[in-house]
Amino acid sequence: MVQDVLSQTEIDKLLAGLRSGEIDPCAANEGKQYHVYDFRRPSKFSKDNLRTLQLVHETYSRHCSSTLAGYLRIECGTTLNSIEQVTCEEFLRSLPTPTVICIAKVMPGELPILLEINLSVVFGILDRVLGGPGAGTPPNRELTEIEMLLMNDVMDKLLADLSSVWSTVVEADFRPGKIESQPTFAQVVPPNEIVLNVCFDMAIGAYDGIMNLCFPFSSLERLLASLNTEQWLSSKTPNVQPASEELRTQLVQTTIPVSVELGKAKLTLDELHKLESGQVIRLNKPVDSTVLVKMGEQPAFIGRPGTSGKHLAVQVQKRLLAL
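Quick note: the sequence shown, position 242, residue 510 per my numbering, numbers continuous.
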């Protein structure tokens, strides 16, 4: 290999030219652009990766809103706030204590990611799951074991949505894992490793707060080649239903108790006390009359009683409730 090596004479001429001003040391750098680079926080994700991830998680935020609204039966809103690269240590230090952190896995490989939800939102979710109105002042305490189990179901749904949206760009299956309340216990990668922090604003009824997704670079490294805008735009429309359609789907699958009112009767407490097996209670309707069919406590249909095979049945004759 031939190398360009200056002789001593050429070096002396260059030094002499610099001293005399004949050679401008900055002239060789004209037209070149320089960028600040922090070796302590290197940029691991390309601009194209970040643009695609922003599109993916904007879709994810809409999907979360409809899923939580259908699950909790209350108005829910999730909007993408920011996407930034930070170290794992910086991300964990930014979280409140206590909080709720799910240490999830990216399959295949079982590589870790974190899904964190502020307690102010978590207690709003739990309040609705347990039959509350979704309003009030959230307590500042760690979750009980029962509350942790309830939040497992919520994390399952949120990560299933994440897998569904990501699948439009790259094969990635996100599965839930252990839930922690202290950020220090969620140190899944070295403190100085670069992670992608995707931050969302959440509102559940009268409660609001932050949800964070944390993707360590090492967990997404094998997927980055497919994370580009061209792949996103050329893919099919994400398999995410509009909020109204998602809510309709959830409502159609909801189980509702249906009862048949054969008739009514009035008994005194003494008569009720004396009732024995085999005795007959006379109702206020004849045997061949129509009966009222209820959905929950709401009258829904008029029908006629009968049998279907070996089972008692009701033949619907008229609708009372508009569905």
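Each residue gets a CB set at the ideal place from its N, CA and C atoms; glycine is no exception. For clarity, every value in this text was computed on a predicted model and none was experimentally measured.
Residue 447 versus residue 413 - alpha carbon distance: 11 Å
Beta-carbon separation (whole angstroms), residue 465 vs residue 354, contact threshold 8 Å: With a beta-carbon spacing of about 5 Å, residue 465 and residue 354 fall inside the 8 Å limit used to define contacts.
Residue 415 burial status per 10 Å Cβ neighbour count (16 or more: buried): buried
Residues that residue 370 bridges to, as DSSP identifies them: Bridge partners of residue 370: 383, 447.
Segment limits, beta strand (DSSP E) that includes residue 586: 579-587
C-alpha distance - residue 367 paired with residue 323, whole-angstrom precision: 27 Å
Validate contact between the region 340-354 and the region 389-407 using beta carbons, cut 8 Å, 3 pairs: yes
Distance, residue 290 Cα to residue 277 Cα: The alpha-carbon atoms of residue 277 and residue 290 are separated by roughly 17 Å.
C-alpha gap between residue 393 and residue 427, whole angstroms: 16 Å
Inter-residue CB distance, residue 449 and residue 410 (contact presumed, cutoff 8 Å): 4 Å
Residue 505 burial status per 10 Å Cβ neighbour count (16 or more: buried): Because residue 505 sits at a pLDDT of 48, beneath the cut-off of 50, its placement in the model cannot be relied upon, and the following sentence gives the value as read from the coordinates. Residue 505 comes out exposed.
Sequence ranges, alpha helix (DSSP H) only - wholly within the region 314-369, length at least 4: 315-340, 356-361
Neighbourhood of residue 533 by C-beta distance below 6 Å, restricted to the same chain and skipping five residues each side: 549, 551
Cα-Cα separation, residue 484 to residue 528: Approximately 57 Å, taken between the alpha carbons.
Continuous alpha helix (DSSP H) stretch holding residue 284: start and end: 276-288
Identified DSSP bridge partners for residue 571: 559, 584
Terminal residues of the alpha helix (DSSP H) in which residue 431 lies: 413-434
Backbone secondary structure at residue 392 - three-state DSSP: The answer is helix: DSSP assigns residue 392 an H, G or I state.
For residue 466, the residue or residues it bridges with in DSSP: 351, 481
CB contact flag (residue 478, residue 336, <8 Å): Result no, Cβ atoms of residue 478 and residue 336 do not sit closer than 8 Å.
Backbone secondary structure at residue 438 - three-state DSSP: Secondary structure at residue 438: coil, using DSSP grouped into helix, strand and coil.
Rounded C-alpha distance that separates residue 376 from residue 452: 26 Å
Same chain, Cβ closer than 6 Å to residue 312, five either side skipped, listed in chain order: Setting aside the 5 residues that flank it on each side, residue 312 is surrounded in the same chain by 462, 485, each with a C-beta closer than 6 Å to its C-beta; the list follows chain order.
Candidates 559, 474, 566, of which the one nearest residue 640 by Cα: Any question about residue 640 goes unanswered here, given that the chain covers just 269 to 591.
Rounded Cβ spacing between residue 379 and residue 371 (contact assumed at less than 8 Å): So it is not a contact: roughly 11 Å between Cβ atoms.
Residue 518 in three-state terms, based on DSSP: helix
DSSP-derived helix/strand/coil call for residue 545: coil
First through last residue of the beta strand (DSSP E) which encompasses residue 378: Unbroken run through residue 378: none, as it is neither H nor E.
Residue 454 classed as buried or exposed, judged by whether at least 16 other C-beta atoms fall within 10 angstroms: Under a 10 Å Cβ-count criterion, residue 454 is classified as buried, with 16 or more other Cβ atoms of the shown protein chains found around its own Cβ.
Helix, strand or coil at residue 457 [DSSP, three-state]: Coil.
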